[in-house]
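Enquirer:
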Amino acid sequence: MTAGLPAAPPRAECVIEAREVVRSFGPTPALRGASVSVARGEILAVMGPSGSGKSTLLHCLAGILVPESGEIRFAGRKIGTLRENERSALRRDRFGFVFQFGQLVPELTAEENVALPLLLAGARRGEALARARDWFGRLGLDGLEGHRSGEMSGGQAQRVALARGLVAGPEVLFADEPTGSLDSLAGEQVMNLLTGAARDQGTTVVVVTHEPRVAAYADREVIVRDGKVTSPVPWGAVS
Amino acid sequence: MVAGGAEPGAGPERKRYVITEAGVTEVEAWLAEPAGPEPHLQAVLFTKVVLALMLGRPAGRYLDAQRAVHLARMRELTEVKRTGGLLDVLLADYGLFHLEGDLRWIDMTGARLGALAREVRR
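Residue numbers (the working numbering), protein chains in the order written: chain B, 1 to 239; chain W, 1 to 122.
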């Protein structure tokens, strides 16, 4: 492992890694040499103040943004050099996503929203909907299959978004402030379900949050500050 | 509270106690009286930060270390919530929200370290 990278748990296989990633938006630098590695099956919380670059780091790890320098590796393979259609296939087939606002397609029913990743991957409609429906009982959504996003509470819509993120069995789930728009109780439900389902499936999770209570569900946290990643400092190591 | 009769059990006899009317009144008064909001002034952490700045020590690193310890405790309490009953959840929530309050103070202080350093070194 590269010296200076916040360490993943020992003996665990590294599944996704950022090395010295630099990324700007126009003249504004967002990441200034960010490095982090995530072990397979690990739940990692990425914390930091607003504007620190934590969401940009998530977008780079997920292949949504391409770094200007440095590299992102997924399962040992550089993804920054992939063509857009290859990165798109990677995101569709191997990654799942949950954002702050569920971003459900309002014209589709809840079960059609959940089935979307399967349909985009080429599954038949009947099979995709059947697999989607399996998630409704699991996430306490029974009876909401035919509802549209406007007919659900924020917590219900976010659980539907979570089902959509997990339905295709992704290797890595990226969650950006997944409870940011929810009250404490609904947020707790979402995090319990997210971490429970991820551990059941062995899915690696990278969750960006500014909320300590959300980070407390993770195995480990890193802090992004001024575009760089820092690991927690153990007592006694400060001098 | 006054002693009542004895009650036989599997082991030695147990003495039964009965709450008096005065006791009932006292408990009701205690329940009805709001507890004073404790200020939790973070005296130890506050002192460490100020002293670290005065001595030119890495106050930000002390805050980071404290954040890690707080988050580790929050992780333990979250596990208690996951595996415990509703009363455990209630108690763990109490601890979690207080730790979260501390962490907000740590974050705010971390964001103000530059200005604080100028203030204490004047």
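Ideal placement from N, C-alpha and C gives every residue a C-beta, glycine not left out.
Specify, as a first and last residue, the run of the beta strand (DSSP E) that residue 21/B falls within.
Expert: Residue numbering aside, residue 21/B sits at position 21 when the first sequence is read from its first letter. Per DSSP, residue 21/B belongs to the beta strand (DSSP E) from 14 to 25.
Enquirer: Here's a check: name, in chain order, each residue in its chain whose Cβ is nearer than 6 angstroms to the Cβ of residue 52/B, leaving out the five neighbours to either side.
Expert: As a first step, residue 52/B must be located in the first sequence, where it is residue number 52. 224, 225.
Enquirer: Suppose the cutoff is 6 angstroms on Cβ atoms and the five residues either side in sequence are ignored; what does the same chain contact list for residue 117/W look like?
Expert: Within the second sequence, numbered from 1, the residue matching residue 117/W stands at position 117. Answer for residue 117/W: 53, listed in chain order.
Enquirer: Apart from the five residues just before and just after residue 23/B, which ones in its own chain have a Cβ nearer than 7 angstroms to its Cβ?
Expert: For the purposes of this step, residue 23/B is taken as residue 23 along the first sequence, with counting starting at 1. Taken in chain order, the residues that qualify are 30, 31, 56, 60, 65, 67, 68.
Enquirer: Which same chain residues end up closer than 7 angstroms to residue 129/B when comparing Cβ atoms and leaving out the 5 residues on each side of it in sequence?
Expert: Within the first sequence, residue 129/B is the residue found at index 129, counting from 1. Within the same chain, residue 129/B has close Cβ partners 111, 115.
Enquirer: For the segment 161 to 177 of chain B and the segment 98 to 106 of chain B, state whether three or more C-beta atom pairs, one from each stretch, are separated by less than 8 angstroms.
Expert: Taking 8 angstroms as the limit for Cβ pairs, the verdict is that the segment 98 to 106 of chain B does touch the segment 161 to 177 of chain B.
Enquirer: Since residue 178/B contacts residue 207/B with CB under 8 angstroms, what's their CB separation in whole angstroms?
Expert: For the purposes of this step, residue 178/B is taken as residue 178 along the first sequence, with counting starting at 1. For the purposes of this step, residue 207/B is taken as residue 207 along the first sequence, with counting starting at 1. Their Cβ separation, rounded to whole angstroms, is 7 angstroms, which keeps residue 178/B and residue 207/B in contact under 8 angstroms.
Enquirer: Please list the partners that residue 221/B has in chain W, where partner means a Cβ-to-Cβ separation under 7 angstroms.
Expert: Translated into the one-based positions of the first sequence, residue 221/B becomes position 221. The contacting residues are 71.
Enquirer: For residue 62/W, list the residues DSSP reports as bridge partners.
Expert: Translated into positions along the second sequence, residue 62/W becomes position 62. For residue 62/W, which the question treats as bridged, DSSP gives no partner whatsoever.
Enquirer: Once the 5 residues before and after residue 201/B are set aside, which same chain residues still bring their CB inside 8 angstroms of it?
Expert: Position 201 of the first sequence, counted from the first residue, corresponds to residue 201/B. So the list reads 166, 169, once near-sequence residues are dropped.
Enquirer: Per DSSP, residue 74/B forms a beta bridge with which residues?
Expert: In the first sequence, the residue the question calls residue 74/B occupies position 74. 16/B, 77/B.
Enquirer: Quick one: what's got a C-beta closer than 7 angstroms to residue 58/B's C-beta in the same chain, skipping five residues either side?
Expert: As a position in the first sequence, residue 58/B is number 58, starting the count at 1. Cβ neighbours of residue 58/B beyond the five flanking positions: 46, 174, 176, 206, 208.
Enquirer: If distances are taken between C-alpha atoms only, which option among 59/W, 31/W, 47/W comes closest to residue 111/W?
Expert: Along the second sequence, one-based indexing puts residue 111/W at 111. Of the candidates 59/W, 31/W, 47/W, the one whose C-alpha sits nearest the C-alpha of residue 111/W is 59/W.
Enquirer: Does the beta-carbon distance from residue 216/B to residue 67/W come in below 8 angstroms?
Expert: What you label residue 216/B is simply residue 216 of the first sequence in a count that begins at 1. What you label residue 67/W is simply residue 67 of the second sequence in a count that begins at 1. Taking 8 angstroms as the Cβ cut-off, residue 216/B and residue 67/W do not qualify as a contacting pair.
Enquirer: Starting from residue 97/W and walking both ways along the alpha helix (DSSP H), at which residues does that stretch end?
Expert: Here the question's residue 97/W lines up with position 97 in the second sequence. Note, residue 97/W: alpha helix (DSSP H), 86 to 111.
Enquirer: Can you confirm whether residue 204/B, when its beta carbon is compared against all beta carbons of chain W, has any partner nearer than 8 angstroms?
Expert: Residue numbering aside, residue 204/B sits at position 204 when the first sequence is read from its first letter. It does not: the Cβ of residue 204/B has no partner Cβ on chain W nearer than 8 angstroms.
Enquirer: Quick check: the Cα distance between residue 77/W and residue 93/W, rounded to an integer number of angstroms?
Expert: Taking the first residue of the second sequence as position 1, residue 77/W is located at position 77. Taking the first residue of the second sequence as position 1, residue 93/W is located at position 93. Rounded to whole angstroms, residue 77/W to residue 93/W spans 8 angstroms at the Cα level.
Enquirer: What does residue 230/B touch in chain W if you count any residue whose Cβ is under 8 angstroms from its own?
Expert: The count along the first sequence starts at 1 and reaches residue 230/B at position 230. Ordered by position in chain W, the residues that pass the 8 angstroms Cβ test against residue 230/B are 64.
Enquirer: Taking the alpha helix (DSSP H) that residue 86/B falls in, what are its first and last residues?
Expert: To locate residue 86/B, count along the first sequence from 1; it is residue 86. From DSSP, the alpha helix (DSSP H) with residue 86/B extends over 84 to 94.
Enquirer: Interface residues of chain B around residue 74/W at Cβ under 8 angstroms?
Expert: Stepping through the second sequence from its first residue, residue 74/W is reached at position 74. Going along chain B in sequence order, the residues near residue 74/W (Cβ under 8 angstroms) are 212, 213, 215, 216.
Enquirer: Are the beta-carbon atoms of residue 16/B and residue 219/B separated by less than 8 angstroms?
Expert: Translated into the one-based positions of the first sequence, residue 16/B becomes position 16. Translated into the one-based positions of the first sequence, residue 219/B becomes position 219. For residue 16/B and residue 219/B, no; Cβs fall outside 8 angstroms.
Enquirer: Do residue 36/B and residue 222/B come within 8 angstroms of each other at the CB atom, strictly closer than that value?
Expert: Numbered from 1 along the first sequence, position 222 holds the residue referred to as residue 222/B. Numbered from 1 along the first sequence, position 36 holds the residue referred to as residue 36/B. Yes.
Enquirer: To the nearest angstrom, how far is the alpha carbon of residue 152/B from that of residue 194/B?
Expert: Walking along the first sequence from the start, residue 152/B turns up at place 152. Walking along the first sequence from the start, residue 194/B turns up at place 194. If I take the Cα positions, the gap works out to 19 angstroms.
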